[in-house]
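Read through the structure below, which is laid out as structure tokens, and then see the notes.
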DNA sequence: ACAAATTTTTAGGCTCGACTAAATTCTAGT
DNA sequence: ACTAGAATTTAGTCGAGCCTAAAAATTTGT
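Protein chains in written order, with this note's numbering: chain A, 171 to 396; chain B, 171 to 396.
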């Protein structure tokens, strides 16, 4: 396993696998399963096995037959690089090109594969070194380090807790559009007034207004508890 | 041959062929030869034949065996779309990310394949609808139309002609770096003072300074004759 | 603990976009 | 007009990245 500055050449497909393994591996503690990767990537388990072997030979993942897969440190570094690019492009799209936060994902999926260190460093500078993307997710720095913001799901804080809305767990178009429609945005100040025993729905005060949201909504919104 | 708004799906490779055919076809009047394409694309003639057949089936090129190839109107429209994207990204890199004009090409070659109408329209707006890229080449608008600037090669104007330097013919890194080193940039005012009989070199006045340039240099610089 | 169900891997095929080698067609020089 | 040489195409191969079907390993239920 030798380094060569710019790493090996990686295909788009390899990068997408690495990214997916990273996202899956960061949730649970166990190794990532072939099926899980296949499902997320909308491909077949047999294709995943093929690719995992290639990635394993390149030293990007640890792999033992039938035992699932995990990223090596090189693989993790690679994943963080891709995620950094994805999130910086998202910020660019929203800040400079007036995309709304539900429109950025698809384009960023393409842009994240552009290979140029100078490009991404300059972009970072243009955007004034943002720490979070438009959905509140942290942007790794050049070296791959980032600090997860101290945040809690709105559904898991006690009554009377207040804080700023700092992120969404689900960043699907559907959910983001729903938030837009109901005037909920990152940075809004939210206070939990009451939690309904029956269905877990919440009465909240948001930017002065009062409203009720379902438990499903609340369990996809992060707040920065004060 | 049916249109479907966003055209067919085109692979990166197909787009690169179309672009190359466009550039080659715009010079001469004859159809573009297989060998010429192969040379530019650093591939083999047999690979070119393969691809041409595919492009022909998609209605992007006119092709008869052994007779060379030319773009259909759909092919031309496609080519102009790619060139528009390439040149807009070049402007972006120079204007917003402080790239120098010899650094933009490689990255723009990647960015030109990003697929998003909204992206490119917004970029165009961010850049205030530029008409020319950093090398002085015209940027087609949304509909593919652009006006070639009225310009002449510096090597082909008579003594005492003056004008603004508006473009380069050769935009290789080597040439652009040479111009930088000698303080020649787009927008500079140039006047031809004398043309050397012997080797065709020129004595010019540029932004007040006097200097001598070889005929090779002069035949790669465009000026906008007043 | 062991059969059934599930997960994962292997084996073999397919398409795209490249290649080499060989055949074909065109073009130029006499 | 004919032939040598150049350009082009065909035929067959290969790797990446996907697929299906079938085999192998693991996990689960009793």
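Quick reminder that beta carbons are idealized off the backbone N, C-alpha and C, glycines included.
Three-pair Cβ contact test at 8 Å for the segment 222-232 of chain B versus the segment 242-250 of chain B: yes
May I ask you to list, following chain order, the residues of the segment 277-289 of chain B that have a beta carbon less than 9 Å from some beta carbon of chain A? 277, 280, 281, 283, 284, 285, 286, 288, 289
Exposed unless 16 or more other CB atoms sit within 10 angstroms - verdict on residue 315 of chain B: As a working mapping, residue 315 of chain B is identified with position 145 in the second chain. Exposed, by the Cβ-count rule.
Just to make sure I have the definition right: I need the residues of chain A whose C-beta is within less than 8 Å of the C-beta of residue 293 of chain B. Which are they? Position 123 of the second chain, counted from the start, is the residue given in the question as residue 293 of chain B. Within 8 Å Cβ-Cβ: 267.
What are the residues in the segment 220-241 of chain A lying within 9 Å of chain B by C-beta distance? none
Could you list the residues in the segment 292-316 of chain B with a C-beta less than 7 Å from some C-beta on chain A, going in chain order? 292, 293, 296
Proximal residues to residue 290 of chain A (C-beta, below 6 Å), its chain only, five neighbours per side dropped: Start at 1 with the first residue of the first chain, and residue 290 of chain A comes out as number 120. Only 255 meet the Cβ criterion.
Could you tell me which residues DSSP puts in a beta bridge with residue 302 of chain A? Position 132 of the first chain holds residue 302 of chain A. DSSP lists A:308 as partners of residue 302 of chain A.
Coil, strand or helix - residue 388 of chain A by DSSP: For the purposes of this step, residue 388 of chain A is identified with residue 218 of the first chain, where counting begins at 1. Note: residue 388 of chain A maps to helix in three-state DSSP.
What residue ranges within the segment 247-276 of chain B form continuous beta strand (DSSP E) runs of no fewer than 3 residues, ordered along the chain? none
Whole-number beta carbon distance between residue 376 of chain A and residue 360 of chain A, since they are thought to touch under 8 Å: Here residue 360 of chain A corresponds to residue number 190 of the first chain, with the count starting at 1. Here residue 376 of chain A corresponds to residue number 206 of the first chain, with the count starting at 1. Sure, about 5 Å apart at Cβ, within 8 Å.
Please classify residue 396 of chain A as buried or exposed, where buried requires at least 16 other C-beta atoms within 10 Å of its C-beta. One-based indexing of the first chain puts residue 396 of chain A at position 226. So residue 396 of chain A counts as exposed.
Measure from the alpha carbon of residue 262 of chain B to the alpha carbon of each residue in A:261, A:266, A:238, then state which is nearest. Indexing the second chain from 1 puts residue 262 of chain B at position 92. The residue with the shortest Cα to Cα distance from residue 262 of chain B is A:266.
Would you say residue 180 of chain A lies against chain B (beta-carbon separation less than 9 Å)? Residue 180 of chain A sits at position 10 when you count from the first residue of the first chain. No - not a single Cβ of chain B is within 9 Å of the one on residue 180 of chain A.
Cα-Cα separation between residue 178 of chain A and residue 373 of chain A, rounded to whole angstroms: Walking along the first chain from the start, residue 178 of chain A turns up at place 8. Walking along the first chain from the start, residue 373 of chain A turns up at place 203. Between residue 178 of chain A and residue 373 of chain A, the C-alpha separation is close to 52 Å.
Determine the DSSP secondary structure at residue 375 of chain B, reduced to helix, strand or coil. Taking the first residue of the second chain as 1, we reach residue 375 of chain B at position 205. Strand, per DSSP.
So the candidates are B:355, B:379, B:384, B:281; which of them puts its Cα closest to the Cα of residue 368 of chain B? Reading the second chain from its first residue, position 198 is the one you call residue 368 of chain B. Checked all of B:355, B:379, B:384, B:281; the closest Cα to residue 368 of chain B is B:384.
Expressed to the nearest angstrom, what Euclidean distance is found between the alpha-carbon atoms of residue 398 of chain B and residue 323 of chain B? Residue 398 of chain B lies beyond the stretch modelled for chain B, which goes from 171 to 396, so this question has no answer here.
Short Cβ contact (9 Å threshold) for residue 224 of chain B with residue 184 of chain B: On the second chain, residue 224 of chain B is found 54 positions in, with the first residue counted as 1. On the second chain, residue 184 of chain B is found 14 positions in, with the first residue counted as 1. For residue 224 of chain B and residue 184 of chain B, yes; Cβs fall inside 9 Å.
Three-way DSSP call (helix, strand, coil) for residue 286 of chain A in this model: Against the first chain, residue 286 of chain A aligns to sequence position 116. If DSSP states are grouped into helix, strand and coil, residue 286 of chain A belongs with coil.
First through last residue of the beta strand (DSSP E) which encompasses residue 232 of chain A: On the first chain, residue 232 of chain A is found 62 positions in, with the first residue counted as 1. Element bounds for residue 232 of chain A: 231-233.
Would you list the one or two residues that DSSP bridges to residue 359 of chain A? Taking the first chain and counting its residues from 1, one reaches residue 359 of chain A at position 189. Answer is A:334, bridged to residue 359 of chain A.
Any C-beta of chain A under 9 Å from that of residue 263 of chain B: Locating residue 263 of chain B in the second chain gives position 93, counting from the first residue. Yes, because at least one Cβ of chain A sits closer than 9 Å to the Cβ of residue 263 of chain B.
Local conformation of residue 323 of chain A per DSSP, three classes: The residue you call residue 323 of chain A lines up with position 153 of the first chain. The answer is strand: DSSP assigns residue 323 of chain A an E or B state.
If you draw a straight line from the C-alpha of residue 240 of chain B to the C-alpha of residue 319 of chain B, how long is it? Here residue 240 of chain B refers to the residue found at position 70 when the second chain is read from its first residue. Here residue 319 of chain B refers to the residue found at position 149 when the second chain is read from its first residue. Between residue 240 of chain B and residue 319 of chain B, the C-alpha separation is close to 25 Å.
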